[in-house]
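Colleague: Chains as they are written, first to last, in the working numbering: chain A, 1 to 114; chain W, 1 to 114. Ideal placement from N, C-alpha and C gives every residue a C-beta, glycine not left out. Just so you know, these numbers come straight off a predicted model, no measurement behind them. Supplied in structure tokens, the structure appears directly below.
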Amino acid sequence: QQQVKQSPQSLIVQKGGISIINCAYENTAFDYFPWYQQFPGKGPALLIAIRPDVSEKKEGRFTISFNKSAKQFSLHIMDSQPGDSATYFCAASIRQTGANNLFFGTGTRLTVIP
Amino acid sequence: GAGVSQSPRYKVAKRGQDVALRCDPISGHVSLFWYQQALGQGPEFLTYFQNEAQLDKSGLPSDRFFAERPEGSVSTLKIQRTQQEDSAVYLCASALTLAYNEQFFGPGTRLTVL
């Protein structure tokens, strides 16, 4: 059973455009929602993360929007660049369990066309 | 400083062989995680260590999978009698402490079972 559902599976965006990736979860105990970026042959790298007490977090061109009541969160990449072409994973974890193991979505392959 | 390193980067095994995958976490990191990433999927949690203690092994798919971290630093994931369904990338991640959610991932070991 997939704890975190992610869409779309793939996304093609023109350079300078906005990339939007969506995720949904069911477990209301989740209290930490990171986004990871993964390039081929590399491990995932943390991009940006949010906790459920805020509705939005922005770091440079990357913004997470969080809707607690809908149990959804999304990643927006503004002014998308060819170098952003990678696979993006949303994830969630429960801090108070002590393990903090991440539950990942299935990934979105982003291609930014020059 | 050095990140998480894993070895070997690639491993080809014949069905039925035993394999051992090594993870060197970031120095001083207390928490260590193993994940399995099938082709085109997100990473899935296997097991978790806090120092040398294996606190959660609920994600290990079968009793053929065994992980250890005897001195609280380097960890080894062992798979006995490998099967074709074990083919995947095995990712190791470390985190500073339980209070810090950011996990730093290694590049992974790509295991192919023929």
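#1: Quick check for students: name the residue ranges of the beta strand (DSSP E) that lie wholly in the segment 22-67 of chain W, counting only runs of 3 or more.
#2: Please determine, among W/Thr82, W/Val4, W/Glu52 and W/Gln37, the residue with the shortest C-alpha to C-alpha distance to W/Arg15.
#3: If I follow the unbroken beta strand (DSSP E) through W/Arg69, where does it start and stop?
#4: Expressed to the nearest angstrom, what Euclidean distance is found between the alpha-carbon atoms of A/Pro52 and W/Ala20?
#5: Could you tell me which residues DSSP puts in a beta bridge with A/Asn67?
#6: My guess is that W/Arg117 and W/Val89 are in contact by the Cβ rule of under 8 Å, so how many angstroms apart are they, rounded?
#7: Using the beta-carbon of each residue, which ones in chain A are nearer than 9 Å to W/Phe45?
#8: Using a Cβ-Cβ distance cut-off of 7 Å, determine whether A/Pro44 contacts chain W.
#9: Just confirm the distance between the C-beta atoms of A/Ser80 and A/Ile18, as a whole number of angstroms; I'd bet it's less than 8 Å.
#10: Give the residues of chain A in contact with W/Ser95, contact being defined as C-beta atoms less than 9 Å apart.
#11: Where A/Gln14 and A/Ile77 are concerned, what is the direct C-alpha to C-alpha distance, given to the nearest angstrom?
#12: Note the first and the last residue of the continuous beta strand (DSSP E) segment covering W/Tyr90.
#13: May I have the straight-line CA-CA distance separating W/Gly28 from W/Lys78, to the nearest angstrom?
#14: For a contact defined as C-beta to C-beta under 7 Å, what are the partners of A/Phe89 on chain W?
#15: Give me the chain A residues within the contact set of W/Glu102, using Cβ-Cβ distance strictly less than 8 Å, ordered along the chain.
#16: Return yes when the Cβ of A/Ser7 is within less than 7 Å of the Cβ of A/Asn22, no when it is not.
#17: Within 10 Å of its beta-carbon, does W/Asp191 have 16 or more other beta-carbons around it, so buried, or fewer, so exposed?
#18: Could you tell me the distance, in whole angstroms, from the CA atom of W/Phe33 to the CA atom of W/Pro70?
#19: I need the boundaries of the beta strand (DSSP E) containing A/Gln14, first residue and last residue.
Modeller: So, from the listed chains and residues:
#1: 31-37, 44-50 and 53-56
#2: Locating residue 15 of chain W in the second sequence gives position 15, counting from the first residue. Here the closest residue by C-alpha is W/Thr82.
#3: Locating residue 69 of chain W in the second sequence gives position 69, counting from the first residue. Neither: W/Arg69 is in no beta strand (DSSP E) and is coded neither H nor E.
#4: Mapped onto the first sequence, residue 52 of chain A falls at position 52. Mapped onto the second sequence, residue 20 of chain W falls at position 20. Distance between the alpha carbons of A/Pro52 and W/Ala20 is about 39 Å.
#5: Along the first sequence, read from residue 1 onward, the residue named residue 67 of chain A stands at position 67. DSSP lists A/Gln72 as partners of A/Asn67.
#6: Chain W is shown from 1 up to 114; residue 117 of chain W falls before or after that span and cannot be answered.
#7: Sequence index remark: in the second sequence, residue 45 of chain W carries index 45 (1-based). The answer, in chain order, is Ala99, Asn101, Leu102, Phe103 and Phe104.
#8: Along the first sequence, one-based indexing puts residue 44 of chain A at 44. Yes, its Cβ sits closer than 7 Å to a Cβ of chain W.
#9: For the purposes of this step, residue 80 of chain A is taken as residue 80 along the first sequence, with counting starting at 1. For the purposes of this step, residue 18 of chain A is taken as residue 18 along the first sequence, with counting starting at 1. Confirmed, Cβ separation roughly 7 Å.
#10: Residue mapping note: residue 95 of chain W aligns to position 95 of the second sequence, counting from 1. Looking at the sequence shown, residue 95 of chain W is not Ser but Ala. Simply Asn100.
#11: On the first sequence, position 14 is the one that residue 14 of chain A refers to. On the first sequence, position 77 is the one that residue 77 of chain A refers to. Near 12 Å, if we compare the C-alpha coordinates of A/Ile77 and A/Gln14.
#12: The residue labelled residue 90 of chain W in the question sits at position 90 within the second sequence. Unbroken beta strand (DSSP E) run through W/Tyr90: Ala88 to Ala95.
#13: Along the second sequence, one-based indexing puts residue 28 of chain W at 28. Along the second sequence, one-based indexing puts residue 78 of chain W at 78. Going by C-alpha positions, W/Gly28 is about 23 Å away from W/Lys78.
#14: Translated into positions along the first sequence, residue 89 of chain A becomes position 89. Here the neighbours are Gly42.
#15: For the purposes of this step, residue 102 of chain W is identified with residue 102 of the second sequence, where counting begins at 1. Think of a sphere of 8 Å around the beta carbon of W/Glu102: the chain A residues whose beta carbon falls inside it are Pro34, Leu46 and Ala49, in chain order.
#16: Indexing the first sequence from 1 puts residue 22 of chain A at position 22. Indexing the first sequence from 1 puts residue 7 of chain A at position 7. By the CB criterion at 7 Å, A/Asn22 and A/Ser7 fall inside the cutoff.
#17: Absent from the structure is residue 191 of chain W, since the part of chain W shown begins at 1 and ends at 114.
#18: Taking the second sequence and counting its residues from 1, one reaches residue 33 of chain W at position 33. Taking the second sequence and counting its residues from 1, one reaches residue 70 of chain W at position 70. Taking the straight line joining both Cα atoms gives about 14 Å.
#19: Position 14 of the first sequence, counted from the first residue, corresponds to residue 14 of chain A. Per DSSP, the unbroken beta strand (DSSP E) holding A/Gln14 starts and ends at Ser10 to Gln14.
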